[in-house]
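In my numbering, the protein residues as written are 1151 to 1427. Beta carbons: idealized from backbone N, C-alpha and C, even for Gly. Remember, it's a predicted structure, so these values are computed and weren't measured experimentally. Structure record follows, encoded as structure tokens.
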Ligand SMILES: [Zn+2]
Ligand SMILES: [Zn+2]
């Protein structure tokens, strides 16, 4: 039966003090490995090494938006990867056009093994292309592996933000990115095997979550219920819920009756297709 393994390298919100910023790895049954967001600093390499996922093993990265807690780790991912794999093809970065403007600025200002960057990609001082940008638009279907496809959908956060739906061997996994409650996500998540949804606060503080462009755990539960997903995992937690994520889970369960949990750094889950054909 097809499987997908999901490794949470970072599960903290931008203001989190106890968790790494957001990044995940999807290992699909057809051998495709996807990095979803890049956390900040060296967290992808650090968390990945603890799980036996070397930073140089990534060839494809999907970006949700340009906030530094999701994008800035890309600098170190490409830096370490290029050093470890001198013969590697460019790292393929799937990103919206608006987020790409910020990614280019980030690369240009860091000079971290990047000598030249434009809308095609980035080259190091030896003239070697270390990254290739693949500009994506919502709804566009991307073939990322023999049986793995992905498409993004608009998120309600900052300009250019998206969430990602990935399908592999009949297993559909949706990541919300950062977003307020998002009807576009509900559409993209219909009957998904797994919804990974951010939650910044509980419904009690919905005004705070909304003002920051985020969801409550109740919103995550409502989205999971409306889309009839099979399982919900909450991520992107702020510090106050770090040791008390049950508050978020209980809040989601007011709306969603299926299995719900909160991710932690270095947590890994393996999901299987529940389709019987
Ligand atoms: Zn964030
Ligand atoms: Zn954000």
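| request: Using only alpha-carbon positions, find the residue among 1335, 1223, 1422 and 1248 that is nearest to residue 1197. | output: Against the chain shown, residue 1197 aligns to sequence position 47. Of all alpha-carbon atoms in 1335, 1223, 1422 and 1248, the one lying nearest the alpha-carbon of residue 1197 is that of 1223.
| task | Would you mind working out which of 1162, 1248, 1359 and 1330 sits nearest residue 1284, comparing C-alpha positions? | result | As a first step, residue 1284 must be located in the chain shown, where it is residue number 134. Comparing Cα positions, the closest option is 1248.
| task | Kindly indicate the opening and closing residues of the alpha helix (DSSP H) around residue 1291. | result | Within the chain shown, numbered from 1, the residue matching residue 1291 stands at position 141. Segment: none, residue 1291 is in no alpha helix (DSSP H) and carries neither H nor E.
| Under a Cβ-count criterion, where at least 16 other Cβ atoms within 10 Å of its own Cβ denotes burial, should residue 1415 be classed as buried or exposed? | For the purposes of this step, residue 1415 is taken as the residue at position 265 of the chain shown. In summary, residue 1415 is buried, with 16 or more beta-carbon neighbours lying within 10 Å of its beta-carbon over all protein chains present.
| query | What separation, rounded to the nearest whole angstrom, lies between the Cα atoms of residue 1292 and residue 1299? | reply | Walking along the chain shown from the start, residue 1292 turns up at place 142. Walking along the chain shown from the start, residue 1299 turns up at place 149. Looking at the two C-alpha atoms, the distance is approximately 5 Å.
| said: So the candidates are 1378, 1231 and 1359; which of them puts its Cα closest to the Cα of residue 1192? | reply: Position 42 of the chain shown, counting from 1, holds the residue named residue 1192. It is 1231 whose Cα lies nearest to the Cα of residue 1192.
| query | At a cut of 8 Å, does the region 1405 to 1415 reach the region 1372 to 1381 through at least three beta carbon pairs? | reply | In short, these stretches touch, since the Cβ pair count reaches three.
| query | Leaving out the 5 sequence neighbours to the left and right, which residues in its chain are closer than 6 Å to residue 1302 when beta-carbon positions are compared? | reply | The count along the chain shown starts at 1 and reaches residue 1302 at position 152. For residue 1302, where only same-chain residues beyond five positions count, the Cβ hits under 6 Å are 1286, 1288, 1312 and 1314.
| query | Which runs of the alpha helix (DSSP H), 4 residues or longer, sit entirely within the region 1314 to 1370? | reply | Those alpha helix (DSSP H) runs which fall completely within the region 1314 to 1370 and span 4+ residues are 1333 to 1338 and 1356 to 1361.
| Considering only residues of the same chain and omitting the five flanking positions on each side of residue 1426, which have a CB-CB separation below 6 Å? | Within the chain shown, residue 1426 is the residue found at index 276, counting from 1. Low confidence applies to residue 1426: its pLDDT is 46, below 50, so where it sits in the model is not reliable, and the reading given next is rough at best. Within the same chain, no Cβ atom closer than 6 Å to the Cβ of residue 1426 is found once the five residues on either side in sequence are excluded.
| query | Where does residue 1381 fall in DSSP's three states? | reply | On the chain shown, residue 1381 is found 231 positions in, with the first residue counted as 1. Residue 1381 falls in the coil class under three-state DSSP.
| message | Counting only C-beta atoms, is residue 1421 closer than 9 Å to chain B at any point? | response | You won't find chain B in this structure, because it holds only one protein chain.
| field | Continuous alpha helix (DSSP H) stretch holding residue 1219: start and end | value | Position 69 of the chain shown, counting from 1, holds the residue named residue 1219. First-last of the alpha helix (DSSP H) with residue 1219: 1218 to 1221.
| What residues in its chain sit with their C-beta under 8 Å from that of residue 1399, if we drop five residues either side in the sequence? | As a first step, residue 1399 is located in the chain shown; it is residue number 249 there, counting from the start. Answer for residue 1399: 1367, 1384, 1410, 1411 and 1412, listed in chain order.
| residue 1347 beta carbon near ligand 4 (any heavy atom closer than 8 Å) | In the structure shown, ligand 4 is absent; the only ligands present are ligand 1 and ligand 2.
| said: Looking at the secondary structure, which residues open and close the alpha helix (DSSP H) in which residue 1401 lies? | reply: On the chain shown, residue 1401 is found 251 positions in, with the first residue counted as 1. Unbroken alpha helix (DSSP H) run through residue 1401: 1396 to 1403.
| query | Between which two residues does the alpha helix (DSSP H) carrying residue 1230 extend? | reply | For the purposes of this step, residue 1230 is taken as the residue at position 80 of the chain shown. For residue 1230, the uninterrupted alpha helix (DSSP H) run begins and ends at 1224 to 1234, by DSSP.
| message | Would you say the beta carbon of residue 1328 is closer than 8 Å to some non-hydrogen atom of ligand 1? | response | Counting from 1 along the chain shown, the entry for residue 1328 is found at position 178. For residue 1328, the Cβ falls inside the 8 Å cut-off from some heavy atom of ligand 1.
| request: Could you tell me whether the region 1235 to 1245 touches the region 1272 to 1281, where touching means 3 or more Cβ pairs closer than 8 Å? | output: Taking 8 Å as the limit for Cβ pairs, the verdict is that the region 1272 to 1281 does touch the region 1235 to 1245.
| field | Status (buried if at least 16 other CB within 10 Å, exposed otherwise) for residue 1151 | value | The residue you call residue 1151 lines up with position 1 of the chain shown. When all chains shown are included, residue 1151 counts as exposed.
| said: By the three-class DSSP mapping on this structure, what secondary structure does residue 1208 have? | reply: The residue labelled residue 1208 in the question sits at position 58 within the chain shown. DSSP, reduced to helix, strand and coil, places residue 1208 outside both helices and strands of the structure shown, so it counts as coil.
| field | Alpha-carbon to alpha-carbon, residue 1257 and residue 1266 | value | Position 116 of the chain shown, counting from 1, holds the residue named residue 1266. Position 107 of the chain shown, counting from 1, holds the residue named residue 1257. The C-alpha of residue 1257 is placed about 9 Å away from the C-alpha of residue 1266.
| According to the neighbour-count rule (16 or more other Cβ atoms, all chains shown, within 10 Å of its Cβ), is residue 1188 buried or exposed? | Along the chain shown, read from residue 1 onward, the residue named residue 1188 stands at position 38. Under this definition residue 1188 is a buried residue.
| In chain order, what residues of the same chain have a beta carbon less than 8 Å from the beta carbon of residue 1274, not counting five sequence neighbours either side? | Reading the chain shown from its first residue, position 124 is the one you call residue 1274. When the five nearest sequence neighbours on each side are left out, the beta carbons in the same chain lying within less than 8 Å of the beta carbon of residue 1274 are those of 1232, 1263, 1264, 1265 and 1280, in order along the chain.
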